[in-house]
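Top to bottom, those sequences are chains A and B. If you read the first sequence in my numbering, its first letter stands for residue 83, the second for the next number, and so on. If you read the second sequence in my numbering, its first letter stands for residue 8, the second for the next number, and so on. Ideal Cβ placement from N, Cα and C applies to all residues, glycine included. Computed from a predicted structure; not experimentally measured. Some notes on the structure that comes next.
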Amino acid sequence: PSFLGFIFSSSSRLLRLRSGRNHSSTIRKSSMGLQTQPYGIQGMLKEGHKHLSGLDEAVVKNIDACKQLSTITRTSLGPNGMNKMVINHLDKLFVTSDTATIVNELEIQHPAAKILVLAGKAQQEEIGDGANLVVSLAGEHLQGAEELIRMGLHPSDIIIGYTKASNKAVEILEGLVEEGSDTMDVRNKDEVILRMKAAVASKQYGQEDILCPLIADACIQVCPKNPMNFNVDNVRVAKLLGGGLRNCTTVRGMVLKGDTVGSIKKIEKAKVVVIAGGVDTTATETKGTVLIHSAEQLENYAKTEEAKVEELIKAVADSGAKVIVSGAAVGEMALHFCERYKIMVLKIGSKFELRRFCRTTGAIALLKLGSAVNPDDLGYVDSISVEEIGGARVTVVRNEQGGNSVTTVLLRASTDSILDDLERAVDDGVNTYKALCRDSRIVPGAAATEIELARKLKEFSFTETGLDQYAIAKFGESFEMVPKTLAENAGLNAMEIISSLYAEHSSGNVRVGIDLQEGACKDVSTLNIWDLYVTKFHALKYAADAVCTVLRVDQIIMSKPAGGPGRRDQPAGMDNED
Amino acid sequence: MSVRVLNPNAEVLNKSAALHMNINAAKGLQDVLKSNLGPKGTIKMLVGGAGDIKLTKDGNTLLKEMQIQNPTAIMIARTAVAQDDISGDGTTSTVIFIGELMKQAERCIDEGMHPRVLVDGFEIAKKATLQFLEKFKTPVVMGDEPDKETLKMVARTTLRTKLYEDLADQLTDIVVNSVLCVRKPEEAIDLFMVEIMHMRHKFDVDTRLVEGLVLDHGSRHPDMKRRAENCHILTCNVSLEYEKSEINAGFFYSNAEQREAMVAAERRSVDERVRKIIELKNKVCNGTEDNFVVINQKGIDPPSLDLLARAGIVALRRAKRRNMERLVLACGGEAVNSVDDLTPDCLGWAGLVYEHVLGEEKYTFVENVKHPNSCTILIKGPNDHTIAQIKDAVRDGLRAVKNTIEDGAVVRGAGAFEVAARQHLVNEVKKTIKGRAQLGVQAFADALLIVPKTLAENSGLDTQDVIISLTGEHDNGNVVGLNQHTGDPIDPQMEGIFDNYAVKRQIINSGPVIASQLLLVDEVIRAGRNMRKPS
């Protein structure tokens, strides 16, 4: 990915919905009194409201906005997709080809385009991958719809046709499922990689061979007995600046940023006690006052306090625990006694992180220091050590044997934005694993599925007699977008590729896709590019749903945009030379 | 003008100007809502101030969200909203009916008629129509076992006007079953006992009926069970957290031991309450595989949660008040306000309690209950606007079913009633009236036709053709409605298209009233500042 598209979130035309301002101000002038009330709805709404209706004003404009959105995302589709540089309103820089991130940071304002964005987000939440396909496909469907509208078809006819076509497409998709792929061993690394590769490659092309085994390893390690219960949260990502992709590893256990509290930095094969509250003297909820009459009492008080803390720490030490993990502050005095009893003290501020720690070590969190330490409540770690990686101090918690609950993928890269992008690729991979745990069926990748859908839908359209046959044909045609974009992004001649794909497919080779490296059409089983059926299924459905929703709308009523701090017109740091 | 003399800032509209302003406003509002009517109506997109999207076909939602400012339009909108409050449906019909009445009146007034005479005609026609409705309605017997098929037909008719067909048909069963679930013999139906919960997940067609309850929060302790079968359920409203005393209290202590004692004493009363619950649990679950679930309306603090978790109890805190009532209805048992005299009789029972996590949000399902008198409609959808749309539709569907059970009658739909009533007015009623009021009756009768007309228009059919074929059939004595796909007359009874009696009655009642009021206005005075201009 050496080319970068530039998008500034405040200057793109798509985002400026407020161009309607001039429109409403003319109305304001003409509606000075009761006598000159404008006729119709516009006159009845509150100041600043806008009302758009009808085919030209609402439908076509909506389609236009959606098309613009999909033109942005399209170029990021596939392994050779371009990266986008997005600067959001907080001036944070994103360099990515992950559509979910792009559309999220773009803060789309146009209502129709927003429906597409929401569809993409739904896909992201449901599957975790394929958001780009949703948005781009929906844009392409809408483009088709616009042509049909110009031909004279009514949107309702198009909706009927599109609904029919999407149902048919799902049917076809099911027929394309690779035989024997519905059962798989989710612990078989090769099979997992096979299914994960395409998803990871579309984010980090060329690096999937390094990343996939890492992700697969991590996922398989934390996969519970019943794979349906696989929890994405159990694969953690630790990003550390410096090094390179080759230095990435997985750690069975956790990698926590920061140092231990005390002076003990390394410990092996130890029992752990987790305390959710702070490690300190206990306090009452109600405010307490120490009542002291003489100097003697003062001295005694400090002593009883010390004795109390020592007692508490000693109880922990007696239970056999070598490590105390605290969820809140660690008191000076408590720390002193911990050092004395050679107990390592670790502080984990986040409640969720603490829970994960409990899962990793098998410990049960105690509420506070001083509650009875039950031997069952103790956890176990193989080692905890403070290491310095790339200038940052991290605490690595390892649990090789029992710790099959949390695994961390340690990512190394030279810049923050590369790290972020790697993380997104890992997330996509992990989500794919989750999806394949539920449904492991696969369909041919590399645009083979899309071409087949396009071909079969076109055939299907000929069997229909109503007006909807045009819509069905267009729906099918939209799938050509995928091979076309893949080819274009790889610098190949799209038309040639598509026609030879069609030729191959109609002669019965339904698994032929594009080999982007050689620029030729090949059977995907030789390329080993497979996509998950669920990803395609959901993408198809969400895209079709969003398209129908956009087409169903024939009137838009917008209220005055709420106030709030106006955004600056110029993104900082780009054009201001001062 | 006199008002101008008294207050130079006032604005006045006189006589015909005032009338026309009112008529124009009514027509304008009608124009907006017209395209909503019927199953083929189109969707409107509402964009809020913060850029949030709402998609709707529901007249009521539209009127609420539109923020209308024109005074006449507000009046009409309020009537329509009242329509929704009373009967749960028919807002769009009300607005277009009023608009059409005004339109018909305008024609007569332009020909020189006095509004007062028209209004008299409206009044006569309204009474006659209501009488006709009594004759026209189809009675439904609502004994102990209501006729499910009829209820489904009514629900389907309503839902199809709000959502697309497939989804509407699916929701029909859900809506009917949920109303029958909460229905108790000899008592008014309390729709509040149907919980409507939503999850942003999967597709809209995954919406389902849960016989039991879905709570939108989960247990707060990591060690509590995520899934429990055969559960005893304790519904309570007892604070299980330390509460500061109201008076300003403090402690004095002089050594650490004393302080420790204080800490323990502070919690004693809370711990005592928790202990009582645990005792009950041990009593009912002893020796069995049964589980125990505590659902508390008040809070449970971490130490108490910890105690409960260690006793193997699943505890949920801060349940919504409305859910406490529903829980008892769904699971049985009773809600307790104190743990002092807990008996096993207080407990409810559910076959399955489990937690479902969606990203950050947790949901707890209480399912497989024995004799549910409360249930949950779990709406699913990929995004918020879909969910909101379904929610509105479900609410209307529930109301429609409830109305049918309470009315004991339905009205044949698809425009059949409107055409029949019009023919009745023109052919029978009009002849019995002397004088110019006849014209008022005629105007009223023609205004009724707006419903079939709009239905035809929204389906892209020819309005004139449709009306002529419909009235023709009616004159031959056949009660027919409009087939929206073909434009041919159909028998609504055969097709199962039924409207609510209460809705129709309310429309006939309120429409002419508001139209008469607007027609009788002869001066519009706006004193003080012009409201259209921001100060």
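Taken in chain order, the complete alpha helix (DSSP H) segments of 4 residues or longer contained in the stretch 284-310 of chain A are 290-304. Across the stretch 229-252 of chain A, CB contacts with chain B closer than 8 Å involve His236, Ser238, in sequence order along the chain. Using beta-carbon distances, Thr631/A counts as an interface residue toward chain B, with a partner under 8 Å. Within chain A, no residue has its beta carbon less than 9 Å from that of Ala87/B; the closest one is some 14 Å off. Note on Ser23/B: under 16 other CB atoms within 10 angstroms of its CB, so exposed under the neighbour-count rule.
Nearest C-alpha to Asn311/A among Ser607/A, Gly335/A, Asn513/A: Asn513/A. Under the rule that a run must span 4 or more residues, the alpha helix (DSSP H) segments found entirely inside the stretch 480-526 of chain A read 498-520.
Beta bridge pairing from DSSP links Leu527/B with no other residue.
Following the DSSP letters along the chain, one finds Glu586/A inside the alpha helix (DSSP H) bounded by residues 576-588.
CA-to-CA, the gap between Leu20/B and Asp96/B works out to about 35 Å.
Pairwise C-beta distances place the stretch 529-545 of chain A in contact with the stretch 584-597 of chain A, as three or more of them are shorter than 8 Å.
Between the alpha carbons of Gly527/A and Gly573/A lies a distance of about 19 Å.
Annotation: Cβ neighbours of Pro193/A in chain B (cutoff 7 Å, chain order): Met52, Val54, Ile60. Following the DSSP letters along the chain, one finds Tyr615/A inside the alpha helix (DSSP H) bounded by residues 615-634.
Taking 8 Å as the cut-off, the Cβ atoms of Thr136/B and Ile515/B count as close.
Cβ-Cβ distances below 6 Å link Thr631/A to Ile197 in the same chain, with the five nearest sequence neighbours on each side left out; the list follows chain order. In the DSSP annotation of this structure, the continuous segment of the alpha helix (DSSP H) that includes Thr393/B starts and ends at 391-414. Residues of chain A with a Cβ closer than 7 Å to the Cβ of Met269/B are, in chain order, Thr366, Gly370. Any Cβ of chain B closer than 8 Å to the Cβ of Asp636/A would place that residue at the interface, and such an atom is present. Cys338/B and Pro379/B have their C-alpha atoms spaced approximately 7 Å apart. Annotation for Thr49/B: Ser42 place their beta carbon closer than 7 Å to its own, counting only its chain and skipping 5 residues before and after. When the beta-carbon positions are compared, Val418/B and Phe424/B come within less than 8 Å of each other. Contact of Ala256/B with chain A by beta-carbon distance below 9 Å involves Thr368, Lys369. For Gly355/B, the beta-bridge partners assigned by DSSP are Ile240/B. Fully contained in the stretch 394-471 of chain A are the following beta strand (DSSP E) runs of length 3 or more, in chain order: 403-408, 426-429, 461-471. Neighbours of Pro309/B in chain A, taken as residues whose beta carbon is under 8 Å from its own, are Ala358, Leu449 in chain order.
Residue pairing of Tyr244/A in beta bridges, as defined by DSSP: absent, with no partner found.
Here DSSP, grouped into helix, strand and coil, assigns Met231/B to coil. Contact check for Leu247/B against Asp308/B passes: the beta carbons are separated by less than 8 Å.
Residue state for His431/B is assigned as helix, using DSSP reduced to three classes.
Closer than 8 Å to the CB of Arg266/B there is at least one CB belonging to chain A. In this structure, the beta-carbon distance from Met278/A to Ile297/A falls below 8 Å. Scanning Arg227/B, Leu222/B, Leu178/B for the CA closest to the CA of Thr214/B turns up Leu178/B. Only buried fits Ile521/B, as 16 or more other CB atoms lie within 10 angstroms of its CB. In the same chain as Phe104/B, and ignoring 5 residues on each side of it, the C-beta atoms closer than 7 Å to its own belong to Ala454, Ile457, Ile514, Gly518, in chain order. Bridge pairing for Pro192/B: absent [DSSP].
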